[in-house]
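The opening position of the sequence shown corresponds to residue 2 in our numbering, with each subsequent residue numbered one higher. The beta-carbon is built from N, C-alpha and C at its ideal position, and this holds for glycine as well. Notes to accompany the following structure.
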Amino acid sequence: MNAGGSAFAQQGKDVSVFTDQGAGRPPPTGPFRFLALDVETANNERASICQVGLACVGRDGSIATWSTFVDPCTSVWTCTWVHGICEETVRGAPRFPEVLSVLTRVVAGHTVFQHSSFDRSAVNAACAQHGCFAPDWHWRDSVTVARRAWPELKGNGGHGLKSLKNHLGLQFRHHDGEEDARAAAEVVLLAEAETQLSFEVLAGQASRKLSNAGARSSRRG
């Protein structure tokens with residue numbers, strides 16, 4: 002990924018000019034079927050978000066991705082070894098409140114998937130640290146979806162992105178926010194294809210149908 006470019010030095014950005022990591026792409030615009038979001042943090046404090054990645058799934062199943070580095074306003078970078086992002090990488094990048102205002106306009110009205118509960122808790126922690134209201138987004142968990150589509154992975158690698166990468170043949174760079182967001186979106190799409198059920202059903206938004214989904218998945222195993 003490229004380090005943040007001159008666009009990050011601007012203040013008061015809106016969606017049309019808020020570009021990703023120096024590559025010149027504005028955030029995708031909807032409507033979308035659903036989104037997936039992934040964050041990376043500078044250290045073990047969940048509020049220390051240093052990258053946000055977004056994957057937006059269109060009505061035709063296409064995936065548009067976007068990401069930005071975020072200045073977490075910290076000198077503690079104990080997670081650089083995980084993702085390669087460091088203090089120099091985010092120099093000139095926007096701070097979290099500015100990123101949140103852009104994300105909210107993209108996410109509004111859509112279901113947003115996270116792979117496990119980490120991303121939502123990190124967003125909420127960053128909001129608390131910066132004095133922002135936590136967004137009332139329609140969060141869902143792609144781990145839940147994966148468990149219902151591939152129950153045979155329980156105790157056999159599990160349903161983390163690394164295991165699903167091997168099981169489903171996914172191609173992505175782990176611990177890159179944009180890549181992990183795309184992978185989570187692909188997991189949901191592949192789960193829909195595997196079970197012939199919509200993401201709403203798989204994510205528990207139509208729970209009365211889940212017993213049939215589980216039986217169908219078990220027969221496949």
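Taking the Cβ atom as the reference point for each residue, do residue i and residue j lie within a distance shorter than 8 Å?
{"i": "Leu38", "j": "Val113", "result": "yes"}
{"i": "Gln172", "j": "Asp142", "result": "no"}
{"i": "Ala126", "j": "Thr75", "result": "no"}
{"i": "Cys51", "j": "Val91", "result": "yes"}
{"i": "Val150", "j": "Thr196", "result": "A small fix is needed here, since residue 150 is Ala in this sequence, not Val. Result yes, Cβ atoms of Ala150 and Thr196 sit closer than 8 Å."}
{"i": "Val53", "j": "Val71", "result": "yes"}
{"i": "His160", "j": "Val144", "result": "yes"}
{"i": "Gly62", "j": "Phe33", "result": "no"}
By DSSP's criteria, residue i is part of a beta bridge. Which residues make up the other side?
{"i": "Glu41", "result": "Gln52"}
{"i": "His231", "result": "Any answer about residue 231 is impossible in this case: the structure gives the chain only from 2 up to 222."}
{"i": "Asp72", "result": "Arg96"}
{"i": "Ala65", "result": "Cys57"}
{"i": "Phe35", "result": "Val58"}
Considering Cα atoms alone, identify which of the options is closest to residue i.
{"i": "Ala186", "options": "Glu46, Cys51, Pro27, Leu55", "result": "Leu55"}
{"i": "Leu104", "options": "Phe119, Ser117, Thr69, Glu89", "result": "Thr69"}
{"i": "Arg183", "options": "Arg26, Gly31, Pro27, Leu36", "result": "Leu36"}
{"i": "Glu179", "options": "Leu203, Arg106, Ile64, Thr145", "result": "Ile64"}
{"i": "Pro29", "options": "Asn157, Val71, Arg106", "result": "Arg106"}
{"i": "Pro98", "options": "Glu89, Cys128, Phe33, Val77", "result": "Cys128"}
{"i": "Arg96", "options": "His131, Val77, Val83", "result": "His131"}
{"i": "His176", "options": "Leu198, Gly85, Ala135", "result": "Gly85"}
{"i": "Glu46", "options": "Gly31, Gly59, Pro73", "result": "Pro73"}
{"i": "Pro136", "options": "Val144, Arg121, Phe33", "result": "Arg121"}
{"i": "Leu101", "options": "Leu162, Trp138, Leu198, Ser199", "result": "Trp138"}
{"i": "Glu41", "options": "Arg174, Glu201, Ser199, Phe33", "result": "Arg174"}
{"i": "Lys163", "options": "Leu198, Ser117, Trp140", "result": "Ser117"}
{"i": "Trp293", "options": "Gly110, Asn157, Lys155, Gly156", "result": "The requested residue 293 is not part of the displayed model; the chain covers only 2 to 222."}
Determine the burial state of residue i: buried for a count of at least 16 other Cβ atoms within 10 Å of its Cβ, exposed for fewer.
{"i": "Val188", "result": "buried"}
{"i": "Ala123", "result": "buried"}
{"i": "Val108", "result": "buried"}
{"i": "Trp67", "result": "buried"}
{"i": "Glu89", "result": "exposed"}
{"i": "Trp78", "result": "buried"}
{"i": "Phe119", "result": "exposed"}
{"i": "Asp181", "result": "buried"}
{"i": "Glu153", "result": "exposed"}
{"i": "Ala204", "result": "buried"}
{"i": "Ala94", "result": "buried"}
{"i": "Val202", "result": "buried"}
{"i": "Ala48", "result": "buried"}
{"i": "Ala194", "result": "exposed"}
Which ranges does the alpha helix (DSSP H) cover as unbroken runs of at least 4 residues, wholly within the region 151-205, from first to last along the chain?
162-169, 178-196, 200-203
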